[in-house]
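Here is the structure we will look at.
In this note's numbering, the protein residues as written are 96 to 233.
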């Protein structure tokens, strides 16, 4: 996913710095299907997370995996975008920390908006658009 993003090394470094680690207790709900939540991409750093879709099918994601990528597409196609506007989405699945708990690097859509044009996430035209990108040093 990251390798195909075509983002500059400076933008990738800025996104990495914007990520915050969050630890979830065993069986803690990270987000719930059909309930509003802050849009974010999650990178499982330790432990595991179980995703359950609307058909009750489950997928366990272990250390090194990621989930929530569809949540970052909340701005896709938006005509106007206010950096300070709410970055809320309604996921189609439920994410719960595994029996061993989980530590995830969380990259919020709000943070992404500071670094890149989130209206193009997931499209071949994804490019940094802010002056912030030009000032980031690796």
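All C-beta atoms, glycine included, are put in the ideal place defined by N, C-alpha and C.
Keep in mind the model is a prediction, meaning the values are calculated, not measured.
Looking at the secondary structure, which residues open and close the alpha helix (DSSP H) in which residue i lies?
{"i": "residue 194", "result": "Run containing residue 194: none in the alpha helix (DSSP H); it sits in the beta strand (DSSP E), 189-203."}
{"i": "residue 113", "result": "104-113"}
Could you please give the first and the last residue of the uninterrupted beta strand (DSSP E) stretch that includes residue i?
{"i": "residue 135", "result": "135-147"}
Give me, in chain order, the residues of the same chain whose beta-carbon lies closer than 6 Å to that of residue i; leave out the 5 immediate sequence neighbours on both sides.
{"i": "residue 190", "result": "125, 126, 144 and 146"}
{"i": "residue 206", "result": "113"}
{"i": "residue 117", "result": "199 and 201"}
{"i": "residue 115", "result": "201"}
Could you compute how far the alpha carbon of residue i sits from the alpha carbon of residue j?
{"i": "residue 140", "j": "residue 209", "result": "24 Å"}
{"i": "residue 131", "j": "residue 121", "result": "22 Å"}
{"i": "residue 235", "j": "residue 203", "result": "In the structure as shown, the chain begins at 96 and stops at 233. Residue 235 is therefore absent and cannot be evaluated."}
{"i": "residue 199", "j": "residue 161", "result": "9 Å"}
{"i": "residue 151", "j": "residue 128", "result": "11 Å"}
{"i": "residue 157", "j": "residue 137", "result": "12 Å"}
{"i": "residue 142", "j": "residue 119", "result": "9 Å"}
{"i": "residue 176", "j": "residue 197", "result": "Confidence is the limiting factor: at residue 176 the pLDDT is only 49, short of 50, which leaves the residue's position unreliable and the question unanswerable from this model."}
{"i": "residue 82", "j": "residue 107", "result": "This structure cannot speak to residue 82, because the chain is shown only from 96 to 233."}
{"i": "residue 192", "j": "residue 167", "result": "20 Å"}
{"i": "residue 185", "j": "residue 165", "result": "10 Å"}
Residue i by DSSP, collapsed to three states: which one?
{"i": "residue 154", "result": "strand"}
{"i": "residue 185", "result": "coil"}
Strictly by DSSP, which residues pair up with residue i?
{"i": "residue 213", "result": "In DSSP, residue 213 forms no bridge with anything."}
{"i": "residue 165", "result": "Paired residues: none, contrary to the question."}
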